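Colleague: Order-wise, the sequence lines are chains A and B. In short: position in the first sequence from 1, add 125, done, that's my numbering. In short: position in the second sequence from 1, add 39, done, that's my numbering. We treat Cβ as the ideally placed atom computed from N, Cα and C, and that holds for glycine. For clarity, every value in this text was computed on a predicted model and none was experimentally measured. Just passing along the structure, written as structure tokens.
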Amino acid sequence: MEKSEIETRVKKVISGVLKVKAGEIKPSSNFVFDLGADSKQSVELVAALEEEFEIEMDQDEALAIQNVGDAVEYIAKVVGK
Amino acid sequence: MDEAGKQGIHTVFHPRSVAVVGATRTQGTVPYDIFQNILASGYQGVVYPVSPGAVSICGVRAYKYVLDIPDPVDLAVLVFPSTVCQLALEQCGQKGVKACIVISAGFREVGAAGIEREKVLKGIAAKYGIRIIGPNCLGAINTDPRVRLNASFARKMPDEGSIAFLSQSGALCTAVLDYARGKHIGFSKFVSFGNKADISEVDLVHYLAQDEATKVILLYLEEITDGPGLLRAAQTVTRETGKPILAVKSGRTRAGAAAAASHTGSLAGADEVCDAIFRQAGIERCLTIEELFNKAIALAYQPRPTRPKVAIITNAGGPGVMTADACGDHRLELASFTEETTKVFKRSLPNTANIKNPVDVIGDARSDRYQAALAASLADPGVAGAMVILTPQSMTDIDGIAQTIVKTAAASPGKPVYASFMGETDVASGIDILQRAHVPHYILPENMAAAFAASYRFEQLLKTARAPLPPYADVNTAAARKVLDAAAGRKHLPDVEALQILAAYGLPVLPSGVAQSAEEAARVAGRVGYPVALKVYSSDIVHKFDVGGVILNVGDAAGARAGFEKITAAARKAVPEAQLRGVHVQKMAPAGQEVILGLKRDPAFGPVLMFGLGGTFVEIFHDVSFRAVPLDSHALSTMIREIRCFSLLDGARGHPACDLAKLEECLRRLAQLALDCPQIAELDMNPVIVGREGAGAVVADARILL
Numbered sequence: 126m127e128k129s130e131i132e133t134r135v136k137k138v139i140s141g142v143l144k145v146k147a148g149e150i151k152p153s154s155n156f157v158f159d160l161g162a163d164s165k166q167s168v169e170l171v172a173a174l175e176e177e178f179e180i181e182m183d184q185d186e187a188l189a190i191q192n193v194g195d196a197v198e199y200i201a202k203v204v205g206k
Numbered sequence: 040m041d042e043a044g045k046q047g048i049h050t051v052f053h054p055r056s057v058a059v060v061g062a063t064r065t066q067g068t069v070p071y072d073i074f075q076n077i078l079a080s081g082y083q084g085v086v087y088p089v090s091p092g093a094v095s096i097c098g099v100r101a102y103k104y105v106l107d108i109p110d111p112v113d114l115a116v117l118v119f120p121s122t123v124c125q126l127a128l129e130q131c132g133q134k135g136v137k138a139c140i141v142i143s144a145g146f147r148e149v150g151a152a153g154i155e156r157e158k159v160l161k162g163i164a165a166k167y168g169i170r171i172i173g174p175n176c177l178g179a180i181n182t183d184p185r186v187r188l189n190a191s192f193a194r195k196m197p198d199e200g201s202i203a204f205l206s207q208s209g210a211l212c213t214a215v216l217d218y219a220r221g222k223h224i225g226f227s228k229f230v231s232f233g234n235k236a237d238i239s240e241v242d243l244v245h246y247l248a249q250d251e252a253t254k255v256i257l258l259y260l261e262e263i264t265d266g267p268g269l270l271r272a273a274q275t276v277t278r279e280t281g282k283p284i285l286a287v288k289s290g291r292t293r294a295g296a297a298a299a300a301s302h303t304g305s306l307a308g309a310d311e312v313c314d315a316i317f318r319q320a321g322i323e324r325c326l327t328i329e330e331l332f333n334k335a336i337a338l339a340y341q342p343r344p345t346r347p348k349v350a351i352i353t354n355a356g357g358p359g360v361m362t363a364d365a366c367g368d369h370r371l372e373l374a375s376f377t378e379e380t381t382k383v384f385k386r387s388l389p390n391t392a393n394i395k396n397p398v399d400v401i402g403d404a405r406s407d408r409y410q411a412a413l414a415a416s417l418a419d420p421g422v423a424g425a426m427v428i429l430t431p432q433s434m435t436d437i438d439g440i441a442q443t444i445v446k447t448a449a450a451s452p453g454k455p456v457y458a459s460f461m462g463e464t465d466v467a468s469g470i471d472i473l474q475r476a477h478v479p480h481y482i483l484p485e486n487m488a489a490a491f492a493a494s495y496r497f498e499q500l501l502k503t504a505r506a507p508l509p510p511y512a513d514v515n516t517a518a519a520r521k522v523l524d525a526a527a528g529r530k531h532l533p534d535v536e537a538l539q540i541l542a543a544y545g546l547p548v549l550p551s552g553v554a555q556s557a558e559e560a561a562r563v564a565g566r567v568g569y570p571v572a573l574k575v576y577s578s579d580i581v582h583k584f585d586v587g588g589v590i591l592n593v594g595d596a597a598g599a600r601a602g603f604e605k606i607t608a609a610a611r612k613a614v615p616e617a618q619l620r621g622v623h624v625q626k627m628a629p630a631g632q633e634v635i636l637g638l639k640r641d642p643a644f645g646p647v648l649m650f651g652l653g654g655t656f657v658e659i660f661h662d663v664s665f666r667a668v669p670l671d672s673h674a675l676s677t678m679i680r681e682i683r684c685f686s687l688l689d690g691a692r693g694h695p696a697c698d699l700a701k702l703e704e705c706l707r708r709l710a711q712l713a714l715d716c717p718q719i720a721e722l723d724m725n726p727v728i729v730g731r732e733g734a735g736a737v738v739a740d741a742r743i744l745l
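What follows is the structure, given as structure tokens:
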């Protein structure tokens with residue numbers, strides 16, 4: 126899967142869970158500081174991304190991801206396995 | 040601290056605007072409650088919620104970033120998770136925020152990753168000149184009606200008052216606020232300083248010294264990171280402003296002391312040292328929060344007694360006697376009444392009343408008898424303060440008597456009045472009247488006496504003269520350092536080298552020399568003069584007695600030769616791997632009283648001196664005193680006089696008085712050595728033999744650990 130496609134789909138998921146306009150989501154956006162994710166939403170986000178990409182993410186690793194770009198990289202790695 | 044630094048702390052308590060950075064709309068969370076508390080406390084400035092995910096919080100327009108706020112922001116309260124606090128703080132710096140309260144946990148207290156995060160925060164704060172309270176704290180409160188800021192997640196804003204409370208524990212703060220509210224105790228400032236990454240208790244004590252609203256400063260500490268700073272701050276603040284400082288220091292443990300290699304090290308447990316140094320600093324140390332507030336209200340609400348003379352007024356004999364006993368326990372005295380006072384008692388009280396101290400107004404007393412007895416007592420020139428006791432008997436007018444005490448106390452503004460309404464349910468309304476009117480109330484007379492004594496002690500502290508002690512000019516620091524440099528890499532300096540260092544600092548050592556053979560031992564002994572002491576000389580043997588390495592009172596050359604062989608053989612047998620450097624032949628000390636003088640480096644307070652009864656008894660009786668360096672005249676004088684066995688040194692039971700002036704000189708010289716030679720980790724002079732007044736003292740044995 127192309128990274129650009131992963132990025133588009135990640136932004137769509139984030140937009141849905143955090144109720145943020147997709148246009149405001151940048152690769153450098155920090156989930157907490159820029160997008161306002163609280164701890165409950167962070168867990169929901171991991172679940173939504175797992176469902177979107179039909180993957181399983183390590184919970185601790187996934188919650189340690191700080192920004193959108195890193196999430197795209199992480200998913201690309203998991204999908205590519 | 041520079042002016043900008045002080046201004047930063049001032050901003051924590053007096054911001055014109057506050058941003059709660061990381062606020063949320065989710066009720067019951069810290070980020071929500073902090074914002075809500077600022078709104079509910081009636082804050083006189085402007086408050087902004089900063090929340091990337093919310094349009095408004097509690098009806099107040101929210102900003103995505105602190106940089107989006109159109110007006111200046113003085114104080115930011117950070118409630119983001121620790122992992123993003125550095126992003127928020129960086130923006131606060133760009134915004135020109137002057138001070139920041141970092142509520143968030145997840146820093147130094149959680150280990151390596153947290154330590155790194157805290158370091159990053161400190162770096163950003165330093166870059167922008169932002170002062171920080173926290174992280175990992177409850178927040179800060181200022182009850183000043185011109186500010187009214189509750190930037191904390193405490194449930195309620197406390198009442199306005201004159202007591203400032205500073206705490207390292209955030210959770211304890213909430214309990215203290217609840218406890219204080221129940222007793223109508225108000226606060227001037229209330230701060231939980233958490234990990235003290237920047238602003239510490241020392242900074243806050245200095246700040247509160249200048250705070251008009253604060254009359255008493257309370258501290259709850261778990262670790263002391265800057266002991267010398269706290270000591271200096273406390274000494275300066277109490278003496279220059281007359282504001283008492285009271286502290287609970289938890290974590291009272293002896294762990295670590297047991298493993299120490301010197302007498303001083305093993306006796307100077309962290310808690311004993313802390314206790315002594317708090318006293319030296321003028322900090323009233325309390326063991327419990329209850330004791331802290333018992334004493335704080337006495338100091339905050341009432342004038343301090345100028346003498347230890349108490350009048351006790353009671354409606355019950357037993358509690359009066361208990362209070363008298365408690366006064367005795369705290370070295371307070373029952374005042375003797377003048378004839379005039381006695382006449383008033385006779386006129387106003389029934390024949391059955393006891394008109395001597397404690398004054399028993401009898402069980403059926405109503406407010407008129409209490410009023411007459413209390414007013415007459417307070418008017419008596421021999422009385423420095425009064426303790427009023429009430430037991431709830433069927434005819435006792437509890438509320439009326441409480442009101443009478445309040446009025447009578449107010450009419451005698453120069454003398455303190457405390458009360459003890461003994462009981463729980465029946466006396467509750469009376470206690471409420473007393474507490475609201477700031478008459479200190481205690482359920483138990485023992486606590487009342489302890490509080491009175493603490494207030495009197497503080498009054499005495501303020502009157503105590505203290506003079507700095509200039510260093511001696513006749514010390515040879517270079518000679519001492521030369522011995523220490525030559526010993527670099529070793530852990531232990533045996534007596535031969537230790538005594539050279541002490542001699543360089545003008546401490547009185549005995550003539551001695553080192554012998555490499557039995558014949559040389561006899562020669563050295565002849566030179567220094569008999570009788571002599573022979574001691575094994577080896578860096579590898581710390582406790583010479585334990586290996587048979589000491590022979591005392593050797594009276595002639597034959598004894599010196601035989602002693603050399605005996606000591607050498609015993610040491611070789613006991614510690615075969617030890618490198619023997621000879622036998623130390625030292626003139627025997629004259630008879631006198633044995634004392635110990637010691638030095639250790641305390642992790643919190645730096646160099647600490649120890650003094651006590653010496654010789655082999657030191658560790659059995661633990662009769663020792665401690666002082667932090669530098670010493671002033673008062674610290675020095677009291678250090679010798681506060682040991683329990685001081686009377687032995689002062690001429691008790693036919694013993695001649697010892698040369699205390701020489702002992703004071705020895706302690707001063709040891710303090711100077713401690714400051715000049717930080718390589719010395721621990722030092723024992725044990726025993727020091729002190730002669731009678733004017734006869735001086737000599738150091739008979741010494742050891743130094745590096």
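Closest to B/Gly92 by C-alpha separation, out of A/Glu181, A/Ala162, A/Ala189, would be which residue?
Modeller: Nearest option by C-alpha distance: A/Ala162.
Colleague: If you measure from the beta carbon of B/Gly67 to each beta carbon in chain A, is any gap under 8 Å?
Modeller: Taking Cβ atoms only, chain A never reaches closer than 8 Å to B/Gly67, which makes this a no.
Colleague: What residues in its chain sit with their C-beta under 8 Å from that of B/Ala596, if we drop five residues either side in the sequence?
Modeller: The residues are Ala561, Ala564, Gly565.
Colleague: When the Cα atoms are used, what is the spatial distance from B/Met196 to B/Ile180?
Modeller: Cα to Cα, the separation comes out at about 8 Å.
Colleague: When you compare only the Cα positions, how much space is there between B/Gly295 and B/Ala309?
Modeller: For B/Gly295, the pLDDT reaches just 41, beneath the cut-off of 50, and the residue's location in the model is therefore unreliable, leaving the point undetermined.
Colleague: Using a Cβ cut-off of 8 Å, which residues of the region 145-156 of chain A contact any Cβ in chain B, in chain order?
Modeller: From the region 145-156 of chain A, only Val145, Asn155 have a Cβ closer than 8 Å to chain B.
Colleague: Between B/Leu636 and B/Cys705, which are expected to be in contact by the criterion C-beta below 8 Å, what is the C-beta distance as a whole number of angstroms?
Modeller: The Cβ separation is near 6 Å, so the contact holds.
Colleague: Could you check how far apart the C-beta atoms of A/Gln184 and A/Val171 are, in whole angstroms? I think they sit under 8 Å.
Modeller: Sure, about 7 Å apart at Cβ, within 8 Å.
Colleague: What does DSSP give as the partner residue(s) for B/Cys697 in the beta ladder?
Modeller: B/Cys697 pairs with B/Arg731.
Colleague: So, B/Thr277 versus B/Pro283, is the Cβ gap smaller than 8 Å?
Modeller: Their beta carbons are under 8 Å apart, which means B/Thr277 touches B/Pro283 by this criterion.
Colleague: What did DSSP end up calling B/His49 once you bin it into helix, strand or coil?
Modeller: B/His49 falls in the helix class under three-state DSSP.
Colleague: Secondary structure at B/Arg100, three-state DSSP: helix, strand or coil?
Modeller: B/Arg100: strand per DSSP, three-state reduction.
Colleague: Which bits of chain D does B/Leu126 rub up against, with CB to CB less than 7 Å?
Modeller: Any reference to chain D falls outside this structure, whose protein chains are A and B.
Colleague: Consider the Cβ of B/Ala300: report whether some Cβ of chain A lies at a distance smaller than 8 Å.
Modeller: Any reading at B/Ala300 must be qualified, since the residue scores a pLDDT of 47, below 50, and its modelled position is unreliable; no value is offered.
Colleague: Any residues in the region 179-203 of chain A with a beta carbon nearer than 8 Å to a beta carbon of chain B? Which ones, in chain order?
Modeller: Answer in chain order: Gln191.
Colleague: Let me check one thing: in DSSP terms, what residues is B/Gln625 bridge-paired to?
Modeller: BP columns for B/Gln625 point to B/Ser551, B/Ala572.
Colleague: When you compare the region 364-372 of chain B with the region 317-334 of chain B, are there three or more beta-carbon pairs, one atom per stretch, that lie closer than 8 Å?
Modeller: Because the criterion of three Cβ pairs below 8 Å is not met, the region 364-372 of chain B and the region 317-334 of chain B do not touch.
Colleague: Find the residues of chain A that neighbour B/Thr63, judging by a C-beta separation of less than 9 Å, and give them in chain order.
Modeller: Correct list: Gly161, Asp163.
Colleague: Mind pulling the chain B residues with CB within less than 8 Å of A/Leu92?
Modeller: The shown model of chain A, from 126 to 206, leaves out residue 92 of chain A, and the question about it has no answer.
Colleague: With a threshold of 16 other CB atoms inside 10 Å of the CB of B/Ser239, please say whether the residue is buried or exposed.
Modeller: It is buried - the Cβ of B/Ser239 has at least 16 other Cβ atoms within 10 Å.
Colleague: Where in the region 641-718 of chain B do unbroken runs of the alpha helix (DSSP H), each at least 4 residues long, occur, reported from the N-terminal end onward?
Modeller: Correct list: 657-660, 672-680, 685-688, 699-715.
Colleague: Report yes if the C-beta distance between B/Val136 and B/Cys124 is below 8 Å; otherwise report no.
Modeller: Against a cut-off of 8 Å, the Cβ pair of B/Cys124 and B/Val136 comes out as no contact.
Colleague: Output the distance between the C-alpha atoms of B/Glu616 and B/Leu714, rounded to the nearest integer angstrom.
Modeller: About 35 Å.
Colleague: Please report the residue range of the beta strand (DSSP E) in which B/Val116 lies.
Modeller: 114-117 is the span of the beta strand (DSSP E), which, as asked, contains B/Val116.
Colleague: Let me make sure I understand the geometry here. Which of A/Arg134, A/Lys144, A/Met126 has the alpha-carbon closest to that of A/Ser167?
Modeller: Selected option, being the one with the closest Cα: A/Lys144.
Colleague: Looking only at C-alpha atoms, which of B/Ser686, B/Phe74, B/Leu247, B/Leu709 sits nearest to B/Tyr544?
Modeller: Considering only alpha carbons, the answer is B/Leu709.
Colleague: Please list the partners that B/Val123 has in chain A, where partner means a Cβ-to-Cβ separation under 7 Å.
Modeller: Asn155, Val157, Phe158, listed in chain order.
Colleague: By the 10 Å Cβ neighbour count, where 16 or more other Cβ atoms means buried, how is B/Gly173 classified, buried or exposed?
Modeller: Under this definition B/Gly173 is a buried residue.
Colleague: Applying a beta-carbon distance threshold of less than 7 Å, which residues of chain A neighbour B/Phe660?
Modeller: What B/Phe660 touches in chain A: nothing, since even the nearest Cβ is about 56 Å away.
Colleague: With distances taken Cα to Cα, identify the nearest neighbour of A/Ile180 among A/Lys202, A/Ile139, A/Asp159.
Modeller: Measuring from the Cα of A/Ile180, the nearest candidate turns out to be A/Lys202.
Colleague: If you measure from the beta carbon of B/Phe146 to each beta carbon in chain A, is any gap under 8 Å?
Modeller: Chain A, which has no Cβ nearer than 8 Å to the Cβ of B/Phe146, makes this no.
Colleague: To the nearest angstrom, report how far apart B/Ala610 and B/Arg520 are at their CA atoms.
Modeller: Approximately 29 Å, taken between the alpha carbons.
Colleague: Run through the DSSP bridge pairs and tell me what B/Asp399 is partnered with.
Modeller: Looking at the DSSP assignment, B/Asp399 forms a beta bridge with B/Thr353, B/Asn393.
Colleague: Which residue's Cα is closest to the Cα of B/Lys395: B/Pro267, B/Leu687, B/Val360, B/Val445?
Modeller: For B/Lys395, the nearest C-alpha among the options comes from B/Val360.
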